[in-house]
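These protein sequence lines are chains E and X, in that order. Per UniProt numbering, the first sequence starts with residue 1, numbered consecutively. Per UniProt numbering, the second sequence starts with residue 1, numbered consecutively. Quick reminder that beta carbons are idealized off the backbone N, C-alpha and C, glycines included. A quick write-up on the structure given underneath.
2 protein chains.
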Amino acid sequence: MAAKINSNFGNVSESYLFAEVARLVAEFQKANPDRKVIRMGIGDVTRPLAKTVVKAMQDAAAEQGKTETFHGYGPEQGYDFLKDSIRKYYADYGVTLDPDEIFISDGAKSDCGNILNIFAEDNLVLVPDPVYPVYVDTNTMDGRRVIFAEANEANGFLPMPEDIKTDEVPDIIYLCSPNNPTGAVYDHSQLKVWVDYANAHGSVILFDAAYECFVTGDMPHSIFEIEGAKTCAIEICSFSKTAGFTGTRCGYTVVPLDLVRDGRSLNKMWLRRQCTKFNGTAYIVQRGAAAVFTPEGEKEVKENIDYYRGNAKIMTDTMDKLGIFYTGGKNSPYVWFKCPNGMESWEFFRVLLNELGIVGTPGAGFGPAGKNFFRLTAFSTREATEEAMKKFCEYFR
Amino acid sequence: MAAKINSNFGNVSESYLFAEVARLVAEFQKANPDRKVIRMGIGDVTRPLAKTVVKAMQDAAAEQGKTETFHGYGPEQGYDFLKDSIRKYYADYGVTLDPDEIFISDGAKSDCGNILNIFAEDNLVLVPDPVYPVYVDTNTMDGRRVIFAEANEANGFLPMPEDIKTDEVPDIIYLCSPNNPTGAVYDHSQLKVWVDYANAHGSVILFDAAYECFVTGDMPHSIFEIEGAKTCAIEICSFSKTAGFTGTRCGYTVVPLDLVRDGRSLNKMWLRRQCTKFNGTAYIVQRGAAAVFTPEGEKEVKENIDYYRGNAKIMTDTMDKLGIFYTGGKNSPYVWFKCPNGMESWEFFRVLLNELGIVGTPGAGFGPAGKNFFRLTAFSTREATEEAMKKFCEYFR
Chain E
1 MAAKINSNFG NVSESYLFAE VARLVAEFQK ANPDRKVIRM GIGDVTRPLA
51 KTVVKAMQDA AAEQGKTETF HGYGPEQGYD FLKDSIRKYY ADYGVTLDPD
101 EIFISDGAKS DCGNILNIFA EDNLVLVPDP VYPVYVDTNT MDGRRVIFAE
151 ANEANGFLPM PEDIKTDEVP DIIYLCSPNN PTGAVYDHSQ LKVWVDYANA
201 HGSVILFDAA YECFVTGDMP HSIFEIEGAK TCAIEICSFS KTAGFTGTRC
251 GYTVVPLDLV RDGRSLNKMW LRRQCTKFNG TAYIVQRGAA AVFTPEGEKE
301 VKENIDYYRG NAKIMTDTMD KLGIFYTGGK NSPYVWFKCP NGMESWEFFR
351 VLLNELGIVG TPGAGFGPAG KNFFRLTAFS TREATEEAMK KFCEYFR
Chain X
1 MAAKINSNFG NVSESYLFAE VARLVAEFQK ANPDRKVIRM GIGDVTRPLA
51 KTVVKAMQDA AAEQGKTETF HGYGPEQGYD FLKDSIRKYY ADYGVTLDPD
101 EIFISDGAKS DCGNILNIFA EDNLVLVPDP VYPVYVDTNT MDGRRVIFAE
151 ANEANGFLPM PEDIKTDEVP DIIYLCSPNN PTGAVYDHSQ LKVWVDYANA
201 HGSVILFDAA YECFVTGDMP HSIFEIEGAK TCAIEICSFS KTAGFTGTRC
251 GYTVVPLDLV RDGRSLNKMW LRRQCTKFNG TAYIVQRGAA AVFTPEGEKE
301 VKENIDYYRG NAKIMTDTMD KLGIFYTGGK NSPYVWFKCP NGMESWEFFR
351 VLLNELGIVG TPGAGFGPAG KNFFRLTAFS TREATEEAMK KFCEYFR
């Protein structure tokens, strides 16, 4: 006998999509040390943290330096002060949450992987194609079978139950709205169809709301705005895009108290998972996250989001001008467009990098249905976005 | 079809040991609002963070507030500046680590649970009895079978391969030294026996070194001080006890490049796991952790550790005086002792709480072999420790 590895790891590619893109860019820069590169590939932000957030974290660090105000182990589920702020934020959209339904974490990516701990391995998983690669990779690592719902020009990259590619009924359904990578957003009536479908079949929806802060107008921020969602959905959210926390690490997951499968509360199971395999998010970071919801914090954070929205507008204006099909950019920091001249996405990646010095993400990296599409992000600086779109326009006009 | 839960969760108790202790204490305080309670139960620290660490985090927060110095997504494995500091720390004990062997995380508890992702579920797991409950619970959640090596007075609570209770050879072996809860420490020759055993059988040792900062004299801080460990061991460590990071959250795991099973590199598998399900530890927190290794940081951190060592000395002096058998306290913040008067540990818990207002942790909570033992921690204040031991001495003399 010897220790046996999880052989499912043999079914995921050794390199994560964004690591592969980074490798190719590094290769390019080594070969062309004097060429400038504009990065619109990875979904990382560039605006600094809001002043209010920085101040809150500095004050919290000072607290940690004094015996009287020192915080050791906190609750694994997060501090009430942050949960209360999140509850108020949801209340603005008409969603009532119990404090016990909110679990603070170090980010949506962690929760997205770890939530699968509470599900059996023989669940059938549905993911949209194209999609954030983490959904497929994490399930593949557990040996779950994954089927796809194709997103395409015909359905506006918003697949519905009728777009499921087999006759099977999935047990776990991933929805991401505003979507990564397509930027497409489900409206209330579309989400209602999914919620009704899940409730009818006992499926559980894993709803990724990481980009909800970009939603405008009457579009839903949360799946829990939909009647019936509390018996079929878990929502995963993050401060990464809302408040620039990509390097500061805070997110949260909402597991409703009414969500029961096989006679067990998924909320209690997730609590047990987190208490056993997680020790809470740093006190300092939670104080920073709570500052996002203060009046001053909200104002500063909105300025940053508006800045990125301005970048997205420059990008969608360019696509409009060139008559290129795209989704996103309106309620999302992502613009997802059809590669010009019928190019495939990895080919287009090389053209964009070699000819224009622009880094984006090939649609094929998000799934087969992304083969001829490409993702650019609005997270660069205004200057870089303008420069990139000018070059883009000149080259592809 | 409907979503199916992970039924292995039915095999772990709903409440985590320390949550249960907290509940009983809250109940006691509600019933006796004017009684003072001295907390020596959970392994949480009470000394504030070192000034150097606070300053480093405040400076890092300021960096996050400026475009030019803002840090977004960092490497999932952690920043080189922190890995370099850790490598130097290990070099002091004669251990050479490659930067790629070190993975920074948000704490040992996370890594301890998550590392199991890379192992198959049909591995046979060996844990000492008694032991930190997370080892058993995390494996039970995955459906792995767990066998025990009994720690007892005869082996000084340091079980060796001959103490394995069945004839089976385990695939995964947990060792924790200095041990939680017993405070017992393996010497080099004892660890060498375990390393040779693991290499002979292809087992993998998961070595929990979370308390290594309490080690004195010639005892090993790391399993990698032992020849042959790089082909059979993974080490998990933390800043929680070293630098009071229980509420600040930083740890690291060392997966050697030479560790291969089923023809696959466990280091590469862990990298893939972390890149897929984790997004790195907060930049601010990593800066704080790196400050621990500066000359000023080392000095301040040592003062705190010496403070806790002083508390442990008061506790072991008390046990010596009363002639009570104990382990730990010398190279560990834990004192593990035999309950007086042949009491069982939950009974003793109630006596200690009701009669003396002292909270400890019942040995039975760590496994059947802890039935007549009890854990007290040195992490209280000096005054509380002195007061508790005075009462203890008077009551049990």
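Asked                                                                                                                        : Found
Proximity below 8 Å, CB of X/K51 to CB of X/E300                                                                             : yes
Distance, E/Q190 Cα to E/M141 Cα                                                                                             : 30 Å
Beta-carbon gap between X/S105 and X/Y211 smaller than 8 Å                                                                   : no
Three-state secondary structure (DSSP) of E/D171                                                                             : coil
Alpha carbon of E/R273 to alpha carbon of E/I236, nearest angstrom                                                           : 16 Å
Runs of beta strand (DSSP E) wholly within the segment 333-395 of chain E (minimum 3 residues, chain order)                  : 334-338 and 373-377
Proximity of X/S85 and X/F293 at Cβ, strictly below 8 Å                                                                      : yes
Proximity below 8 Å, CB of X/V172 to CB of X/F119                                                                            : What sits at residue 172 of chain X in the sequence shown is Ile, not Val. Yes, the Cβ-Cβ distance between X/I172 and X/F119 is below 8 Å.
E/Y90 (DSSP reduced to helix, strand or coil)                                                                                : helix
C-beta atoms of E/G310 and E/R382 nearer than 8 Å                                                                            : yes
X/N199 at chain E interface by Cβ criterion, 8 Å                                                                             : no
At least three beta-carbon pairs within less than 8 Å, the segment 250-261 of chain E to the segment 98-118 of chain E       : yes
For X/T231 and X/N199, believed in contact at Cβ under 8 Å, the rounded distance                                             : 6 Å
The segment 117-134 of chain E / the segment 257-273 of chain E touching (three or more Cβ pairs under 8 Å)                  : yes
Nearest neighbour of E/A378, chosen from E/N372, E/E386 and E/G297 [CA to CA]                                                : E/E386
Within 8 Å, strictly: CB atoms of E/M57 and E/I284                                                                           : yes
Contact with chain E by X/C275, beta-carbon distance below 8 Å                                                               : yes
Residue burial classification, E/T276 (beta-carbon count within 10 angstroms, cutoff 16)                                     : buried
Neighbour-count burial assignment, E/Y326, 16 or more Cβ in a 10 Å radius                                                    : buried
Short CB-CB distance (under 8 Å) between E/D44 and chain B                                                                   : This model lacks chain B altogether; the protein chains it does include are E and X.
CB of E/D226 within 8 Å of CB of E/K192, strictly                                                                            : The question names Asp, but residue 226 of chain E is Ile in the sequence shown. Yes.
Environment of E/H71 [buried if 16+ CB atoms lie within 10 Å]                                                                : buried
Burial state of E/D187 (16 or more Cβ within 10 Å)                                                                           : exposed
Residue burial classification, E/A209 (beta-carbon count within 10 angstroms, cutoff 16)                                     : buried
Members of the segment 90-115 of chain X that neighbour chain E once the beta carbon cut-off is set at 8 Å                   : D106, G107, K109, S110, C112, G113 and N114
C-beta atoms of X/G280 and X/V53 nearer than 8 Å                                                                             : no
Ranges of the alpha helix (DSSP H) found wholly within the segment 58-146 of chain X, counting only runs of at least 4       : 80-91, 108-114 and 133-142
Residue ranges of each beta strand (DSSP E) within the segment 191-241 of chain E, 3 or longer                               : 204-208 and 233-238
At least three beta-carbon pairs within less than 8 Å, the segment 79-98 of chain X to the segment 74-94 of chain E          : no
Start-to-end residues for the beta strand (DSSP E) that takes in E/T253                                                      : G251 to V254
Beta-carbon contacts of E/Y395 that lie in its chain and below 8 Å, excluding the five residues immediately before and after : E355 and L356
Proximal residues to X/K36 (C-beta, below 6 Å), its chain only, five neighbours per side dropped                             : G357
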